[in-house]
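Q: 75 is the number that the numbering used here gives to position 63 of the sequence shown; each next residue is one higher, with no gaps.
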Amino acid sequence: MKIDRVQRQLLSELQLNARVSNQELADRVGLSVSPCWRRVRDLETSGLIKRYVAVLDRRKLGLGTCVLVNLQLKTHDARVTDQVERHIHSRREIVECYALSGDSDYMLKVFLPDVESYAMFMHNFLLKLPEVATVRSVVALREVKHDTALPI
């Protein structure tokens, strides 16, 4: 989707702080209040802005361990991948999942309290997924960069 300079400015500002007032947002991008409100509403109705969320501190919530997990499937027919993906969607610990090319079929990002919790999660869930051939896990030692803003 092609966006103009003002839309880009609005989106950049909203990515930094979605709770900014319409007046302040209008001032920052050089619009009056009504056109600013209309442009933001248009971005919402077009689906470019999907939703507004609070970014939480996972460590303060007791989710200090981040594990990146690569899954390799035994087979790749649509029935199997659909079933695996439904299982993945059912688990709140899995915050991101990507279908991959290459040696692995999926990469998961999992947040849990500790490594012991991950071991249980792996044993009770990942290793029981249908048609999973291999589970490879990497525990993140520290978070170097985490940003929710897209580079627009």
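By construction, the Cβ of each residue, glycine as well, lies at the ideal position given by its N, Cα and C atoms.
Starting from THR77, follow its DSSP beta bridges and name the residues at the other end.
A: Your numbering for residue 77 matches position 65 in the sequence shown. For THR77, which the question treats as bridged, DSSP gives the partners LEU124.
Q: Going by C-alpha distance, which of LYS14, LEU124 and LEU55 is nearest VAL79?
A: Along the sequence shown, one-based indexing puts residue 79 at 67. The residue with the shortest Cα to Cα distance from VAL79 is LEU124.
Q: Quick check on DSSP: helix, strand or coil for MET119?
A: Translated into positions along the sequence shown, residue 119 becomes position 107. Strand.
Q: If we call anything under 8 Å between Cβ atoms a contact, is LEU120 one with GLN27?
A: Numbered from 1 along the sequence shown, position 108 holds the residue referred to as residue 120. Numbered from 1 along the sequence shown, position 15 holds the residue referred to as residue 27. In this structure, GLN27 does not lie closer than 8 Å to LEU120 by Cβ.
Q: Within the continuous beta strand (DSSP E) that includes ALA111, where are the two ends?
A: If you number the sequence shown from 1, residue 111 lands on position 99. Counting along the chain, the beta strand (DSSP E) containing ALA111 begins and ends at 106 to 111.
Q: With 16 other CB atoms within 10 Å as the buried threshold, where does ARG51 fall?
A: Within the sequence shown, the letter at position 39 stands for residue 51. Buried, because 16 or more other Cβ atoms sit within 10 Å of the Cβ of ARG51.
Q: Reducing DSSP to helix, strand and coil, say where ASN29 ends up.
A: Along the sequence shown, read from residue 1 onward, the residue named residue 29 stands at position 17. Coil.
Q: Compute the beta-carbon to beta-carbon distance between ARG53 and ILE164, rounded to the nearest angstrom, for a pair I have assumed lies under 8 Å.
A: The sequence position of residue 53 within the sequence shown is 41, counting from 1. The sequence position of residue 164 within the sequence shown is 152, counting from 1. ARG53 to ILE164, Cβ: 19 Å. No contact.
Q: Under three-state DSSP, which class holds SER181?
A: This structure leaves residue 181 out entirely; the chain is present only between 13 and 164.
Q: Between LEU112 and the rest of its own chain, which residues show a CB-CB distance below 7 Å, the 5 nearest in sequence each way excluded?
A: In the sequence shown, residue 112 corresponds to position 100, counting from 1. The residues are TYR118 and MET119.
Q: In angstroms, rounded to a whole number, what distance separates the CA positions of VAL92 and LYS62?
A: By one-based count along the sequence shown, residue 92 stands at place 80. By one-based count along the sequence shown, residue 62 stands at place 50. Their Cα atoms are separated by approximately 29 Å.
Q: From the DSSP output, read off the bridge partner residues of ASN82.
A: Start at 1 with the first residue of the sequence shown, and residue 82 comes out as number 70. DSSP output for ASN82 lists MET119 and ARG148 as bridge partner(s).
Q: Could you pull out every residue in the same chain whose Cβ sits closer than 7 Å to the Cβ of LEU75, ignoring the five residues on either side in sequence?
A: Residue mapping note: residue 75 aligns to position 63 of the sequence shown, counting from 1. Excluding positions up to five away in sequence, the list reads PHE123, LEU124 and PRO125.
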